[in-house]
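Just so we're aligned, residue 23 is where the sequence shown starts under the working numbering, counting upward by one.
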Amino acid sequence: MKTIDNFNFENKRALIRVDFNVPMDENYNITDPNRIEAAKPTIIKVLEDGGSVILMSHLGRPKGKNVPEMSLGHICSKVSEVLGVEVTFVASSVGEEAENAASNLESGQVLLLENLRFNEEEEKGGKAFAEQLSKLGDIYVNDAFGTAHRAHASTTIVAQFFPENKCFGYLLAKEIEAIDKVMQTGEKPVTAILGGAKVSSKITIIENILDKVDHLIIGGGMTYTFIKAQGGQVGASICEDDKMNLALDILKQAKEKGVEIHIPVDVIAADDFSNTANTKIVDADKIEDGWLGLDAGPRTLENFKEVILKSKTILWNGPIGVFEMESYAKGTIAVGNFIDEATQNGAFSLVGGGDSVAAVKQFGFQDKVSYVSTGGGAMLESLEGKVLPGIAAISQ
Ligand code: AMP
């Protein structure tokens, strides 16, 4: 894996694809600068080598049009503040103005380009646009995991114009290492915890990871398709009847592959999809009509605890219950605590994909697990076993 550490940037211009798609309030105040902070080590490495930096990113979904509210000019001062270096903004991403600004850069200076997605060729992966971008720098660095699953001009196509001089930034390298640790090189036992709403959205992940894990814990809404498929009674719980055969097939495959599957044995059932509904603990396969399973029950959590605490490598994707409502957040919090304990005992734990990060942040687990992925869709596709175009473009 070619990373930024394989290069010396002295007197070189680094063209760095970052993910500065940060949330802002109506006054353009950045409400969470996490993504800017995450790119800082890469940028500082180039500057300390004696190089200069051209930063390129998208912000929001301007769909090929110049939308002033989505200008990266709004975040320039925040980028300066986080880096502790003056950052110059240029109101275009390619063409004469951008090229002049880039060629005038001196060692130690940083330039921020305008929103890449103001140009419709960015998302189309336009080769001519990518070539124009390539003129701005000597070495291409990709540090944007969140867009690595897109074959966009700045994330993938541009790499063609740097056959030798392309590499991963620190953030992207860390993501790749974390995924590798779980999917390829993880110490056994390896456990995947999959929650979330539906089997259908996780099926490709399940099929891919059955070859990699020793234990698979199923939580969340997915539970009920598995329970009903085995003849259980799930009441009004979320259930995909058309996926029941698939669920049975997964159970069969797991058995053949020697993977132990752990499914809830009891659940918190509610008489309404509401935080204030009446609730009771029931067996997962005996939910009465009109009642819905919305969280894992205490016996289930004891089982999950035992598995998680003996695991050496842990992957967590998707909440265990309807964590957005306090009454059904206990399962998700408990699983977070078990992973925290396992991590303290030396396990490697990776959390990521889709909504998982929101749950982890809401309950303050981000500092307790080994790694929280910065990419929702990119992480899901990695877990599905797909080679991400942005990663392939540099590895090839
Ligand atoms: P996903 O994006 O597939 O990871 O799904 C996340 C969503 O699954 C969250 O919004 C949870 O509220 C939801 N969820 C978790 N458990 C259940 C459940 N038992 N019934 C319905 N939805 C659930």
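Glycine included, every Cβ here is placed at the ideal spot set by N, Cα and C.
Keep in mind it's a predicted model, so treat the numbers as computed, not measured.
- Gly315 sits in a strand when the DSSP states are folded into three classes.
- Going by DSSP, Phe326 is part of no beta strand (DSSP E) but of the alpha helix (DSSP H) stretching over Pro320 to Leu331.
- Taking non-hydrogen atoms of the ligand AMP into account, the C-beta of Gly72 is found less than 7 Å away from none of them.
- For Phe111, the secondary structure class from DSSP, reduced to helix, strand or coil, is strand.
- Following the DSSP letters along the chain, one finds Leu405 inside the alpha helix (DSSP H) bounded by residues Gly398 to Leu405.
- A residue is called buried when at least 16 other Cβ atoms come within 10 angstroms of its Cβ; Ser371 meets this threshold and is buried.
- The beta-bridge partner set that DSSP reports for Asp288 consists of Asp305.
- Around His284, the same chain offers His237, Leu238, Ile239, Ile240, Asn325, Phe326 and Val329 as residues with beta carbons nearer than 8 Å, after the five sequence neighbours per side are excluded.
- Contact between Gly168 and Asn43 holds: their C-beta atoms lie close to 7 Å from each other, under 8 Å.
- Excluding sequence positions up to five before and after Ala195, its CB lies within less than 7 Å of the CB of Met23 and Thr25, all in the same chain and listed in chain order.
- At a cut-off of 7 Å, the beta-carbon of Glu346 counts as near the ligand AMP: some heavy atom of the ligand is closer than that.
- Taking C-beta atoms under 8 Å as the contact rule, Thr178 and Pro411 qualify, at a distance of about 5 Å.
- Your pair Val281 and Leu232 checks out as a contact, with CB atoms roughly 5 Å apart and the cut at 8 Å.
- Excluding residues up to 5 positions away in sequence, Ala173, His174, Ala175 and Ile179 lie with their Cβ nearer than 6 Å to the Cβ of Gly147 in the same chain.
- Below 8 Å, enough C-beta pairs join the segment 181-198 and the segment 153-164 to call them touching: three or more.
- Under the DSSP assignment, Leu77 falls in the beta strand (DSSP E) whose first and last residues are Ser74 to Met78.
- If only uninterrupted beta strand (DSSP E) runs of at least 3 residues are considered, those enclosed by the segment 178-207 are 188-190.
- For Ile260, the shortest separation between its Cβ and any heavy atom of the ligand AMP lies below 7 Å.
- Taken from the Cβ of Lys220, at least one heavy atom of the ligand AMP lies inside 7 Å.
- Less than 8 Å separates the beta-carbon of Ala120 from that of Val112.
- Looking at the backbone, the Cα of Lys265 and that of Phe248 are separated by about 9 Å.
- Annotation for Leu372: the continuous beta strand (DSSP E) segment containing it runs Phe370 to Val373.
- With a cut-off of 7 Å, the C-beta of Leu402 is classified as distant from the ligand AMP, since no heavy atom of the ligand falls inside that distance.
- By the Cβ neighbour-count rule, Gly217 is buried, with 16 or more other Cβ atoms within 10 Å of its own.
- Remark: C-beta atoms of Gly257 and Asp311 approach each other more closely than 8 Å.
- Set against 7 Å, the gap from the CB of Leu316 to the closest heavy atom of the ligand AMP is smaller.
- Taking each of Ile198, Ser417, Leu316 and Asn137 in turn and checking the Cα distance to Pro84, the smallest one comes out for Asn137.
- Rounded to the nearest angstrom, the gap between the Cα atoms of Gly368 and Glu143 is 46 Å.
- Per the DSSP secondary-structure output, Val212 pairs in a beta bridge with Thr335.
- Between the ligand AMP and the CB of Pro90, the shortest heavy atom gap is not smaller than 7 Å.
- Secondary structure of Val163 (DSSP, three-state): strand.
- A Cβ-Cβ distance of about 6 Å is found for the pair Glu209 and Thr335, placing them in contact under the 8 Å criterion.
- Inter-residue distance for Lys34 and Lys203 is about 33 Å (C-alpha atoms, whole angstroms).
- Taking a 10 Å sphere around the C-beta of Gln154, we find 16 or more other C-beta atoms and assign the residue as buried.
- The nearest non-hydrogen atom of the ligand AMP is less than 7 Å from the C-beta of Ser223.
- Per DSSP, Leu158 lies in no alpha helix (DSSP H) and is assigned neither H nor E.
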